[in-house]
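For any residue, its number in the working numbering is found by taking its place in the sequence shown, counting from 1, and adding 1.
Note that the Cβ used here is the ideal one computed from N, Cα and C, for glycine as well.
Written below as structure tokens is the structure these notes are about.
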Amino acid sequence: MRPLTPFPPLQNVTPRPSALQAPVLFTLLVLATLLLPACDEGGPTQPTSPAYVELLSGDGQAVVAGGLFPETVVVEVRDEADRPVPDQLVMVRVDQGDGWVPGPNPRTDEDGRVRLPWYAGTEPGVDQRLRLSAGGISVTVHGEVLTPVPGVSYTGHRAFVEYIPGSLPLVITAPHGGTLRPGDIPEREWGTMVRDYATDDMAYRLADALEERVGARPHLILLHLHRTRLDANRDLEEAAQGNPLAERAWHEFHHWTEVAMKRVKADHGEGFYMDLHGHGKHDDFELGYLLTRSDLEATAEELDQEWAVSKSSLRTLAEDSSLPFSQLIRGEESLGTLYEEEGYTSVPSPVRPYPSGPFFSGGYNTRRHGCREGGAICGYQLELNRENVRDNPVNRQAFAEAHARVMERFFKVHYGVNLANLPPAP
Ligand SMILES: [Zn+2]
């Protein structure tokens, strides 16, 4: 029962109040009228406004950069009489670090509690702070971000997304090779649904083959959800189509890609990015630099102009390169040539300067994580055909080893870097 002690007994009030006292008496009478009946009925049963926000769990944890803190953050909101306050809006704010909490600001359950998954930010060493407040009362949760260890597999919520860090200046993402179709994520209703066959296995092999060849691994980010559940190479709306679990996996995928990018910049200053895909259109590789089929139909002279450079995912590499842009994308030292020399026909390349039909020029990931908007990490979308490349483990292994040789050469020529002899990370 709510105590009424702050109010003096009415019988002590003088029957002839002065002019100054009259408003006070009136207020007291009104308050007493409002409160006394409630008291007679046993006191207010509904909790009132929040007086305490108590942190029950989730403080003081550590997790790898971009990872989900293992313990759920739980806070309880209580009123002045120590009763839980249900259905109370709790404001969630990241106060320090670039961590994130999925979903909108939550409301407390009937026990006055909210439970929140909390993802660490991308920068190891930055103290992570999350502030939760209800009715003007707040509590701060602290967390620590650990440096990713090369070769260790980290997974996010329900292992839909996997990050295997590396130490090379190379980041590989594989958004379409997943096979998981959990029952609580419905099928997407629109967009492309076809899985890129075996690109998950191929991504592992690309990383292992590079380690075998140069003694260090690229960063690898894989989506294990089937494309019918999430398309991580689309903007959030088309990718997840409103499903919160799928949205969460989408954020994890891109958050970890950003972790990898920051690691590469911190370790090497610059680097390269590949978004790995598979297509079923013909028997050539398609190298997507964000240049469309009609862009690529331009002459070398036209391609060497600023318009082509500035719309491509090789923008900053091209601006720093001594090669004309047309040479960078289809000259003797272009990626297309390097793959051709390994026996894989590729567009664009000197022999196949532009596509003869529909062409994948690069998607959301290449636009978002490449260097078209600037930055030190350029990249491309690699679309592998299936036959003799992805169709069986022997062919996948052969391509993975060829790709390691291609990357070694590419970095030597275009970045002046010997992948087999990189200085140790700072
Ligand atoms: Zn794809």
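Quick check: does the Cβ of residue i come within less than 7 Å of any heavy atom belonging to ligand 1?
i	result
ASN366	no
ASN234	yes
HIS177	yes
HIS370	no
HIS225	no
HIS404	no
HIS278	yes
Am I right that residue i and residue j are in contact with their C-beta atoms under 8 Å? What's the rounded C-beta distance?
i	j	result
ARG196	GLY178	7 Å
TYR381	THR367	7 Å
ALA63	GLY144	7 Å
ARG349	GLY337	According to the sequence as given, residue 349 is Pro; it is not Arg. About 5 Å separates the two Cβ atoms, so the contact holds.
GLU409	ARG214	7 Å
VAL265	HIS220	7 Å
GLN375	THR293	Going by the sequence as given, residue 375 is Gly instead of Gln. About 21 Å; that fails the 8 Å criterion.
LEU383	LEU315	Actually they are not in contact, since the Cβ atoms of LEU383 and LEU315 sit about 13 Å apart, beyond 8 Å.
GLY192	ARG230	Rounded, the Cβ-Cβ distance is 12 Å, inconsistent with contact.
THR109	PRO125	In fact, because the Cβ distance is near 33 Å, the residues do not count as touching under 8 Å.
SER322	HIS415	7 Å
LEU237	GLU253	Going by Cβ atoms, the distance from LEU237 to GLU253 rounds to 12 Å, so no, they are not a contact pair.
Give the DSSP-derived three-state secondary structure of residue i in the structure shown.
i	result
TRP308	helix
TYR381	strand
ALA52	coil
HIS370	helix
GLY136	coil
ASP96	strand
HIS278	strand
HIS143	strand
GLN398	helix
ILE186	coil
LEU329	helix
VAL91	coil
TYR340	helix
SER58	strand
GLU388	coil
SER357	coil
LEU420	helix
ARG84	coil
PHE286	strand
ALA175	strand
SER347	strand
GLU163	strand
VAL301	In the sequence on display, residue 301 carries Ala and not Val. Three-state result, ALA301: helix.
LEU69	strand
VAL352	coil
GLU320	helix
VAL74	strand
VAL64	strand
Determine the burial state of residue i: buried for a count of at least 16 other Cβ atoms within 10 Å of its Cβ, exposed for fewer.
i	result
SER313	buried
GLY44	For GLY44, the pLDDT reaches just 48, beneath the cut-off of 50, and the residue's location in the model is therefore unreliable, although a value from the coordinates is still provided. GLY44 should be labelled exposed.
ASN422	exposed
VAL352	exposed
SER134	buried
MET262	buried
PHE27	Bear in mind that a pLDDT of 46 at PHE27, under 50, signals an unreliable position, so the model cannot answer this.
GLU302	exposed
LEU35	Only weak support exists for where LEU35 lies, its pLDDT of 44 falling under 50; the value from the coordinates is given anyway. LEU35 is exposed by the Cβ-count criterion.
MET92	exposed
GLY67	buried
TRP251	buried
SER50	exposed
ARG397	buried
TRP308	exposed
PRO71	exposed
ARG116	exposed
ASN106	exposed
MET203	buried
Within 7 Å: the Cβ of residue i and any heavy atom of ligand 3?
i	result
ASP197	This structure does not include ligand 3; its bound ligands are ligand 1.
Inside the stretch 193–275 only - beta strand (DSSP E) runs reaching at least 3 residues: 220–224
Please specify which runs of the alpha helix (DSSP H), each continuous and at least 4 residues long, are wholly inside the stretch 98–127, giving them in chain order. none
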